[in-house]
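**Q** Residue numbers (our numbering), protein chains in the order written: chain E, 7 to 565; chain Y, 123 to 501.
Would you mind keeping the following structure in view while I ask a few things?
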């Protein structure tokens, strides 16, 4: 029992450290988000920054850890190195989540509510006090999910900790497996880290509030004052708050409205925003607009920062890996069997990753989607409850899920499926569910229905609308699915524990590359296996864009 | 946000289409993989040896015998836990017919658990006593050795005495190993001065796993727990750092981040092939070298006993040992009477085989040592 007693200390200590890193990262993320969202539409710099940030967020931690672990560091430097690398992974995740939350709350309906309120302040004396309260509410609501996402990424890290020999609960649990830890003992250890993760998610949800979905609202019926008050779903109440007539919720909508509008103003009007001093100070630069002026385009600051970030956390490890890969490509090309083997691994692992990533996304959207239980059938409630239970299991991490499956698959009733791809796919889906849920939560509430109406009215013709829909609705979802699929692709532990006999997984080869030591051919194979899925995802995105936007334009010309 | 809206969106429809196509692809592969062997007898082999080295050997077996082999390889991602524990977990419904392990003590553990089917074939009869189970539960072949590895550009060893050259020792710490127990000093010989000198950065792999754990177990068995615990407690003060694996030790020494380390011969050969300047000498404990051989065993309950026996005889044959000796890892054959056929850089290691310690008795010391190491790592 004595060694069980040690887990709470490690779990809490690491939770506090990672929380410190996440909170310290937020001002930087905030700056980055505002540069990414500056202006209307999306500039080339902003698209570049998006792409680079996604690459930085999903770049295999294993390669980063490996590249630095082989440099030889004094023992005292390891915790700092680990914290730095972890920070390098957490910040892009925070930025991406922050942008998604921003886009979710910045809707045409919300903008219209704010405009009505600010234009008629004299009719509503409490507005100024309410705005102050909402400012704090805004900051809180904006920051909660990105910080939670960063914390989860940092807290669940295993590869960096293992490579750098840093203290982390996941690595410690892995070490205990060396003597054959039983599943029961494994779960006993997991109670603390799992409980902490669950608590953080619950607190995050509590702090962020239900974030009322403003999708059903049309800008035309928003008011609270004036002639349209009787029809408005939003009303001002004597306490100076806004209340949603239907749900009775106060503040949440208004807070979203307030921050989105204020942030939009900051991005477009010099000096009119409420930029935090901390974010100004942290970067020792003068905010995104300064960068943007220097670079002459919105999002220039974000692009430069993303380039620097990728240079530090992606290109460095990649350069270390690819130094001798060019020679290896020649050898690989000349060996048909080897080439075919790598291709088979790439395609099969990619297919399994696509299944698990997409199924997790769809499950999270369909079973975990409804934020309110009102009007749900017992079947919906049951599937929702089941999916929530699976999210909880997903938080346990790959090793525990894998060991759980290995145990369960010994039951006589299930022996028949253990040598099929089913356990692997199911295990990966469960592992992906927490992230899928989080992504669904921040992406799917973006009030597309109302925005579609506004967009339809604002733009003439179907080509601009199609482009707008692509940018605002389809692209974030495709990115989310791509991230889920790539996360599945890189899950070495589940592949090695649950893959059927004869299934050669690409990421396992990548991992073994670290073990066998560098050789030119292995470097080339690792590059193919790592970059191949990225190219595939890019291709799917391109085809989707062509179908969506070009297809619409073609149809328009024909008519 | 409702389920209905999710289903009706183009991205969701696209996701469903791609997921279904991917399911078709994976399902198609699975069916093809099972049908390609046709009516041929098929063995399920769990293989802990590195896939890049084992694959050609198993393909040769398929070619020679016509018996199909479906392999599940181990990975460093789960260290040695996956295959050994998988076999234990599957004891009531075994899926594996033959287990090719890359070390010996796991085989002894499985023997104790009664999970192996004894077979005394031609390979078993051919092996030295230390490299086979008395009842035939397993048989060993092709081994690697624990070695001291160093970069000759940074440290030099006298060609005549095999001792560290004086100019390689730091002035402050040169001389007798203060505070080192005589047994420990002997165990570190001939590098005791380097091993204890904090000015010389050194690396070893995390001793919780693999060959470093076997190394610790032999120290534990030979010197006793106290000496090992004292040694481990002072590692950091003596300039040692623990890293993720033996390959990383080799890299750190090769790139000059560390000057000395403990690793395995296969890692040194791989490093040399990649152009690194590396020298090695065997670790000797009480005069014995530490050879970690491959082992092969038949899992009790197999439905394909005859085919499994053929694979055991093939893997532990002299021909296979020669194949492994000629491979990138230069596994050393355990039967030394035909060493004229060995590749040049392996031939010099023949004497090390003759001096190898008998590891079969190390199961209990290893378990004790592991318990202590795990206890030490408690948060």
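We put the beta carbon where it would ideally sit given N, CA and C, even for glycine.
Ordered along the chain, which non-local residues of its own chain (more than five positions away) have a Cβ less than 8 Å from that of residue 548/E?
**A** Along the first chain, one-based indexing puts residue 548/E at 542. Once the five neighbours on either side are set aside, residue 548/E has no close Cβ partner at all.
**Q** Taking 7 Å as the CB-CB cut-off, is residue 99/E touching chain Y?
**A** Position 93 of the first chain holds residue 99/E. False, the Cβ-Cβ gap to chain Y never drops below 7 Å.
**Q** Determine, using beta carbons only, whether residue 344/Y and residue 407/Y come nearer to each other than 7 Å.
**A** Taking the second chain and counting its residues from 1, the one referred to as residue 344/Y is at position 222. Taking the second chain and counting its residues from 1, the one referred to as residue 407/Y is at position 285. The answer is yes: Cβ separation under 7 Å.
**Q** For residue 508/E, which option in 165/Y, 138/Y, 141/Y, 144/Y has the closest C-alpha, if you only look at C-alpha atoms?
**A** Against the first chain, residue 508/E aligns to sequence position 502. Of 165/Y, 138/Y, 141/Y, 144/Y, the residue nearest in Cα terms is 165/Y.
**Q** Please report whether the beta-carbon of residue 147/Y lies at a distance below 7 Å from any beta-carbon of chain E.
**A** Sequence index remark: in the second chain, residue 147/Y carries index 25 (1-based). Yes, because at least one Cβ of chain E sits closer than 7 Å to the Cβ of residue 147/Y.
**Q** What is the rounded straight-line gap between the Cα of residue 492/Y and the Cα of residue 230/Y?
**A** Taking the second chain and counting its residues from 1, the one referred to as residue 492/Y is at position 370. Taking the second chain and counting its residues from 1, the one referred to as residue 230/Y is at position 108. When rounded, the distance between both Cα atoms is 16 Å.
**Q** DSSP three-state label for residue 378/Y, please.
**A** Taking the second chain and counting its residues from 1, one reaches residue 378/Y at position 256. Of the three classes helix, strand and coil, the one that applies to residue 378/Y here is coil, per DSSP.
**Q** So is residue 67/Y buried or exposed if we call it buried at 16+ other beta carbons inside 10 Å?
**A** Outside the displayed span of chain Y (123 to 501) sits residue 67/Y, for which this structure offers no information.
**Q** Counting only C-beta atoms, is residue 412/E closer than 7 Å to chain Y at any point?
**A** To locate residue 412/E, count along the first chain from 1; it is residue 406. With 7 Å as the cut-off, residue 412/E counts as an interface residue toward chain Y.
**Q** Would you tell me roughly how many angstroms separate the C-alpha atoms of residue 70/E and residue 384/Y, rounded to the nearest one?
**A** Sequence index remark: in the first chain, residue 70/E carries index 64 (1-based). Sequence index remark: in the second chain, residue 384/Y carries index 262 (1-based). Residue 70/E and residue 384/Y: Cα-Cα distance of roughly 24 Å.
**Q** Going by C-alpha to C-alpha distance, which of 517/E, 370/E, 63/E, 38/E sits closest to residue 394/E?
**A** The residue labelled residue 394/E in the question sits at position 388 within the first chain. Checking every option, the nearest Cα to that of residue 394/E belongs to 370/E.
**Q** Just to confirm, is the Cβ distance from residue 413/Y to residue 263/Y under 7 Å?
**A** If you number the second chain from 1, residue 413/Y lands on position 291. If you number the second chain from 1, residue 263/Y lands on position 141. Cβ distance not < 7 Å, so residue 413/Y and residue 263/Y don't count as in contact.
**Q** At least one CB of chain E closer than 7 Å to the CB of residue 460/Y: is that the case?
**A** As a first step, residue 460/Y is located in the second chain; it is residue number 338 there, counting from the start. Not closer than 7 Å to any Cβ of chain E, the Cβ of residue 460/Y fails to qualify, so no.
**Q** How many angstroms separate the CA atom of residue 86/E from the CA atom of residue 415/Y?
**A** For the purposes of this step, residue 86/E is taken as residue 80 along the first chain, with counting starting at 1. For the purposes of this step, residue 415/Y is taken as residue 293 along the second chain, with counting starting at 1. Residue 86/E and residue 415/Y: Cα-Cα distance of roughly 39 Å.
**Q** For residue 472/Y, I'd like the list of residues in its chain whose CB is within less than 6 Å of its CB, leaving aside the five on either flank, ordered along the chain.
**A** Stepping through the second chain from its first residue, residue 472/Y is reached at position 350. Taken in chain order, the residues that qualify are 458, 461.
**Q** Since residue 500/E contacts residue 433/E with CB under 8 Å, what's their CB separation in whole angstroms?
**A** Taking the first residue of the first chain as position 1, residue 500/E is located at position 494. Taking the first residue of the first chain as position 1, residue 433/E is located at position 427. About 5 Å separates the two Cβ atoms, so the contact holds.
**Q** So is residue 190/E in contact with chain Y if we call contact Cβ pairs under 7 Å?
**A** For the purposes of this step, residue 190/E is taken as the residue at position 184 of the first chain. By this cut-off, residue 190/E is not an interface position.
**Q** Flag this pair as yes or no: are the beta carbons of residue 418/Y and residue 270/Y separated by less than 7 Å?
**A** Here residue 418/Y refers to the residue found at position 296 of the second chain. Here residue 270/Y refers to the residue found at position 148 of the second chain. No, Cβ-Cβ distance for residue 418/Y and residue 270/Y is not below 7 Å.
**Q** Whose Cβ in chain Y lies nearer than 7 Å to the Cβ of residue 427/E?
**A** For the purposes of this step, residue 427/E is taken as residue 421 along the first chain, with counting starting at 1. Under the 7 Å cutoff, chain Y gives 148, 152.
**Q** If we count the other Cβ atoms within 10 Å of its Cβ and call it buried at 16 or more, is residue 427/E buried or exposed?
**A** If you number the first chain from 1, residue 427/E lands on position 421. It is buried - the Cβ of residue 427/E has at least 16 other Cβ atoms within 10 Å.
**Q** Counting only the same chain and skipping the five closest in sequence on each side, list residues whose C-beta sits under 7 Å from that of residue 21/E.
**A** Taking the first residue of the first chain as 1, we reach residue 21/E at position 15. Taken in chain order, the residues that qualify are 161, 202.
**Q** Note down, in chain order, each residue of its chain lying with its Cβ closer than 6 Å to the Cβ of residue 446/E, except the 5 sequence neighbours on either side.
**A** As a position in the first chain, residue 446/E is number 440, starting the count at 1. Within the same chain, residue 446/E has close Cβ partners 370, 371.
**Q** Output, in chain order, the set of chain E residues within a Cβ distance shorter than 7 Å of residue 214/Y.
**A** Counting from one through the second chain, the residue named residue 214/Y turns up at place 92. Those are 416, listed as they occur along chain E.
**Q** Buried or exposed, going by whether 16 or more other CB atoms sit within 10 Å of the CB of residue 481/E?
**A** Locating residue 481/E in the first chain gives position 475, where the first residue counts as 1. Buried: at least 16 other Cβ atoms inside 10 Å.
**Q** Relative to the alpha-carbon of residue 17/E, which residue among 103/E, 178/E, 63/E, 29/E has its alpha-carbon at the smallest distance?
**A** Within the first chain, numbered from 1, the residue matching residue 17/E stands at position 11. Cα-wise, what sits closest to residue 17/E is 178/E.
**Q** Residue 199/E versus chain Y: which residues are under 7 Å apart at the beta carbon?
**A** For the purposes of this step, residue 199/E is taken as the residue at position 193 of the first chain. The contacting residues do not exist; residue 199/E stays about 11 Å from chain Y at best.
**Q** Let me know the secondary structure DSSP gives residue 21/E once reduced to three states.
**A** If you number the first chain from 1, residue 21/E lands on position 15. In this structure, residue 21/E counts as helix in the three-state DSSP scheme.
**Q** Taking all protein chains shown into account, decide if residue 167/E is buried (16 or more other Cβ within 10 angstroms of its Cβ) or exposed.
**A** In the first chain, counting from the first residue as 1, residue 167/E sits at position 161. Per the 10 Å Cβ criterion, buried.
**Q** Are the C-beta of residue 137/Y and some C-beta of chain E separated by less than 7 Å?
**A** On the second chain, position 15 is the one that residue 137/Y refers to. Yes, residue 137/Y lies at the interface with chain E (some Cβ there is under 7 Å from its Cβ).
**Q** So who's on the other strand from residue 420/Y, going by DSSP bridges?
**A** Counting from 1 along the second chain, the entry for residue 420/Y is found at position 298. Paired residue(s): 220/Y, 239/Y.
**Q** Give the secondary structure of residue 190/Y by DSSP, where H, G and I count as helix, E and B as strand, and everything else as coil.
**A** Taking the first residue of the second chain as position 1, residue 190/Y is located at position 68. Correct three-state label for residue 190/Y: strand.
**Q** Only counting the same chain, and skipping five residues up and downstream in sequence, which positions put a Cβ closer than 8 Å to that of residue 443/Y?
**A** Looking up residue 443/Y in the second chain gives position 321. Excluding sequence neighbours, residue 443/Y sits near 263, 264, 453, 455, 456, 457.
**Q** Can you give me the Cβ contacts of residue 420/E inside the same chain, cut-off strictly under 7 Å, excluding the 5 residues immediately before and after it?
**A** Here residue 420/E refers to the residue found at position 414 when the first chain is read from its first residue. Here the set comprises 414.
**Q** Which complete beta strand (DSSP E) runs does the segment 346 to 416 of chain Y hold, if anything under 3 residues is left out?
**A** Qualifying beta strand (DSSP E) stretches, in chain order: 362 to 365, 382 to 386, 401 to 404.
**Q** Strictly below 9 Å CB to CB, what residues from chain Y border residue 163/E?
**A** In the first chain, the residue the question calls residue 163/E occupies position 157. Within chain Y, no residue comes near residue 163/E; the closest Cβ sits about 15 Å away, beyond 9 Å.
**Q** Taking the beta strand (DSSP E) that residue 262/Y falls in, what are its first and last residues?
**A** Indexing the second chain from 1 puts residue 262/Y at position 140. From DSSP, the beta strand (DSSP E) with residue 262/Y extends over 260 to 272.
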